[in-house]
Structures are given as structure tokens and as C-alpha cells.
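Data first, discussion second: the structure below is written as C-alpha cells.
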Amino acid sequence: MEMPTPNAAIISRKAQIVERLREVLPDDAVIDDVAETRAYECDGLSAYRCPPLCAVLPASTQEVSAVLKICHELDIPVVPRGSGTSLAGGAMPTADAVILGVAKLNDVLETSYEDRMIRVQTGRTNLSVTGAVETDGFFYAPDPSSQLACAIAGNIAMNSGGAHCLKYGVTTNNLLGVTMVMMDGTVVEIGGAHLDSGGLDLLGVICGSEGQLGVVTEATLRILHKPEGARPVLMGFDSSEVAGACVSDIIKAGVLPVAIEFMDRPCIEVCEAFAKAGYPMCDALLIVEVEGSEAEIDEQLEKIIAIAKTHNPVELREAKNADEAGRIWLGRKSAFGAMGQVNDYMCLDGTIPVSALPEVLRGIQDLSKKFGLDVGNVFHAGDGNMHPLILYNANKPGDLELCEEMGAEILKLCVKVGGCLTGEHGVGIEKRDLMNVQFDPVDLEAQMAVKDVFDPKWLLNPAKVFPLETSQTRRAA
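Residue numbering for the sequence shown follows this note's numbering, starting at 6 and increasing by one per position.
Written as C-alpha cells, this is what we have:
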């Protein structure tokens, strides 16, 4: 993965830049020691690392504004960072960039159960948003696998989803408003504590923009009443294709589960060894969860189980209580961590039409044989958000490059069947040079024109999203 050549002139001015930043921030909020900046040298895509020029940790919107004004004046690139859980290199720094972390921005600012909203600072973790309202019977729906650690800022940047996005949608469906600081330090308010705002849908542009347009410091989020109950059913099948066909049939039948999760044999074996959840050793496993009243749950599961039986499952297990439900979910929630204990891997994030699941799963198997690299599949099957985990040996020369080449072929396949390059991880550095596979030059030019308006100097989150040569040319213009 090519990274841009750092601006030596900026690096030579490091002492001056740090001094200016310390004029507007407390000393302990500016990190310039080389050893300490290594904590920010990568995110969840840890195959690539680069220590930043320095890192800053502002504690308010006003401090974020002050930092950006200085960086704008001095032409210093800025990389916004939530919790660093991005799997696409979305928070990867360049050597001449300032990391702007939002970890200190973690307060709940306002809650209204009548309006079903909560306003928080965006350094707050995803799971702690639900934690702030769950005793009153509410919850925040988007639930990425990293929800214990990931920040709302990153969720907004990447438009994150999670296991329950089939019913409740992803971040953009649960975001009502933001406070955002532009690169020149201007603070803007977009949306608010209401379902829809007048004028252009700028909120839709910002959510999923990967830190290219501004730094979001506050977010107004939709909160929902907790359902009366939920119950998962576990299904084992003889092949991934059969499991994919079952998913397609469930969706075609008009049943709307809250989640449909998929795991194949390599992933099942690793997760079972790690979590001991009692999973059957089969070629493919589905976890389907429905929610509502007991009568609603029974009715939905009856239909889903009837559909599953037409595909001859090797195991069909309905949770009878909370403990059994927890065990069904245990392995799935542990999947990424469990796989990381046994092998280096790269986690992809393509999205496809649900009807194309069998075809794409066959294609991934063929590519696995062609490249000689094993793949573990675990993903949100209900909305077609694929997460193939390509296993490779980081210590074997050429293996990472082979893994990336195979990953590119999988993502091209997703686009070919009518899908797209990303569902919730973002483009970052991982997929930026594949953008021209999905978008023609006119499409890319339209997207870059939007960035021109918000960030004319192209200082925010450099070397991300757009093909590297194109974005470098834009910045130099």
C-alpha cells in the first residue's frame, strides 16, 4: 500500500508547530515525544504504521476549533481519530500530520426521552450511549462488533452498522444532528433534535465522509424503546451456498429479523475453540434473531424455521432462555478477536445484494484456491455486508501483498454483482485505489468537488478515500 511522501518542510518546523499548539491547549494535551506518538502510528489496519508529527487531545469544541485554525494557517495536515478501531486505515497518520484525537470529548450533553434523542460528545464509546439510557428502557441501535471501544466520531465517519442493522439501519439512520468544526476552525450546526431538517441533506453528506469534510465534536442520536424481548435461533448447514440461499429465502418471504449473521467452517472452528459456545462443526452457520412480544417472536420464528427446514439444516437450535441466547451470540461476538489469536488476517468489507450471496461465496472459495490463502467468512448476511477474513503470514515476504491482491479481487467481485466496496468500515487507505472500479471519473470528480467546498486546501485526513495520485494532485493545486 503506497503512502505519500511526507512534506519535509513541515517536519522541519515541528518545534514551531508544537509551540503554537501549546498556546491553545494544556501541555498534557499535546504529545510530541516520538516514543509516545507511536501509540497513534496505526489503527485497526495494523499492517501499516507511521508515527505522526504529533498528536493533540482537545477537550472541547472550542479547543478543536483553535487547533484547526492553527493547522489551517500553517498548512498542516490533520488526521481526526476516534478510538482507532478502523479496519480500513481510516485513522492512519502521515509523518507530517497532526493526529486530532477526540477521546476527551466523552460527555452526555442532553437527553430527551420525549423526543427520543440523546446529544453526546463524539469521543464517547458506542456502547456507553446505550449505557446512559438503558435504565430508563431505551437503547442506541447501531452495534458494531467493536462497540465496547469504538467512538461515535468514528461511527459517523464510517457510517458504521452492526449485527442489528438489518432492522434498525446503520449510523446514518440514527443520526439526527452534528456539531462540526471545519478545517479553518469555523463551527457549524447541522440537523438537530428533530426527524428531518429543511434544505440540503448535508447530514447525509457528512455521515460516512471519513473525516474528509470536518471534525464532528457533538452528535444528536436517535434512541429507541427497548423491545419486549428477543430470541435467536442457530442453524447449521452443509455448505455456504445453502446457507446463503436460506438467507435469501428468509428476506424474500417478507420476514424482518433484527439480525441474520453468517459464519463458515474456518470461522466456526476458531470461534468454538476460543469461546466454547457449543457451535456445531458444519460448513456454514446462521444466527437469526427476532424481537417483539412473545407472540410476535413465536410467529416470526415459526416462519423462519419452516424456511430453514426446506434447506435441510444439520442443526436447528432455538434459544429457550437468556443463557442459551447468550451462548449462541458468544462465538459471533468473539469472531474477530478469536481469529486474531491464531493467524494474521485482513478483514474486508464489501456489500452485495442478498440474492448474490451464493454466487459471491462460491467466488471467494475459488479465489482462496487460486491465491493459496485461507478465508474465514463472518458477516451481516441480512443486508449483504460481507466480512471475509483473509489469513496470511505477516512474517513471510510477499504474503501481505498477495493478501491485498486477493482482497482486491473479492471487492471487485462485490461490485460486479451489483454491490459496493464498503458497508461500514469505510474506504480509508485500504480501498482508495479501487474507487475507480466502482466510480467513473465523473463520479469521482463530483465527490472531490464536495471536499473542495468543505476543505479547499485538502488538509483533512490526507491520503484517504480517493486514489492517491488524484488526491495529491488536488492538494498541490
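Each residue gets a CB set at the ideal place from its N, CA and C atoms; glycine is no exception. All figures in this text were calculated on a predicted structure; none of them were measured in a lab.
The C-alpha of residue 96 is placed about 7 Å away from the C-alpha of residue 47.
For residue 123, the beta-bridge partners assigned by DSSP are 116, 226. Burial check for residue 129: the Cβ neighbour count within 10 Å reaches 16 or more, so the residue is buried. Assigned with DSSP and collapsed to three states, residue 196 falls in strand.
Distance between residue 261 and residue 171, taken at the CA atoms: about 8 Å. Exposure of residue 199 is indicated by the presence of fewer than 16 other C-beta atoms within 10 angstroms of its C-beta. Between residue 438 and the set 475, 453, 462, 406, the nearest pair of CA atoms involves 475.
The bridge partners DSSP lists for residue 242 are 289.
Scanning 305, 469, 460, 424 for the CA closest to the CA of residue 189 turns up 460. Taking the Cβ atoms as the reference, residue 323 lies roughly 5 Å from residue 238, within the contact range of under 8 Å. Within the same chain, and ignoring the five residues on either side of residue 114 in sequence, the residues whose Cβ sits closer than 8 Å to its Cβ are 124, 125, 126, 223. If you draw a straight line from the Cα of residue 399 to the Cα of residue 407, it is about 11 Å long. Short of 7 Å from the beta carbon of residue 372, and not among the five residues preceding or following it, lie these beta carbons of its own chain, in chain order: 411, 414, 415. For the 8 Å CB-CB criterion, residue 62 and residue 34 form a contact.
Collapsing the DSSP output to three states places residue 236 in a strand. Each of 401, 253, 286, 176 was checked against the Cα of residue 268, and the nearest Cα belongs to 286. Residue 392 and residue 426 do not touch by the CB rule: their CB atoms are close to 13 Å apart, not below 8 Å. Around the C-beta of residue 117, fewer than 16 other C-beta atoms lie within 10 Å, and the residue is accordingly described as exposed. Counting only runs of 3 or more residues that sit fully inside the stretch 151-219, the beta strand (DSSP E) segments are 180-186, 192-196, in chain order. Pairing residue 302 with residue 234 gives a Cβ-Cβ distance under 8 Å. Under DSSP, residue 106 forms a beta bridge with 86. The beta strand (DSSP E) runs lying completely inside the stretch 341-394 and spanning 3 residues or more are 349-352, 380-385, given in chain order. Contact between the stretch 317-336 and the stretch 240-256 is present: three or more C-beta pairs spanning the two stretches fall below 8 Å. Counting C-beta atoms within 10 angstroms of its own C-beta, residue 72 has 16 or more neighbours from the protein chains shown and is therefore classed as buried. Cβ-Cβ distances below 7 Å link residue 111 to 126, 128, 129 in the same chain, with the five nearest sequence neighbours on each side left out; the list follows chain order. Sequence-distant Cβ neighbours of residue 378 in its own chain, meaning closer than 7 Å and more than five residues away, are 395, 396, 397, 407, 408, 411. Per the C-alpha coordinates, the member of 293, 385, 431, 356 positioned closest to residue 417 is 356.
Collapsing the DSSP output to three states places residue 30 in coil. When the five nearest sequence neighbours on each side are left out, the beta carbons in the same chain lying within less than 7 Å of the beta carbon of residue 186 are those of 66, 69, 70, 73, 192, 219, 220, 222, in order along the chain.
Inclusion of residue 292 and residue 258 in the CB contact set at 8 Å is not warranted, their separation being larger than that value. DSSP, read as helix, strand or coil, puts residue 322 in strand. Restricting attention to 107, 94, 56, the CA atom closest to the CA of residue 37 is found in 56. One thing to note: residue 195 has its Cβ within 8 Å of the Cβ of residue 182.
Residue environment analysis places residue 80 among the exposed positions, since fewer than 16 neighbouring C-beta atoms fall within 10 angstroms of its C-beta. The continuous alpha helix (DSSP H) containing residue 440 extends over residues 440-443.
Cα atoms of residue 298 and residue 135: separation of roughly 21 Å, rounded to the nearest angstrom.
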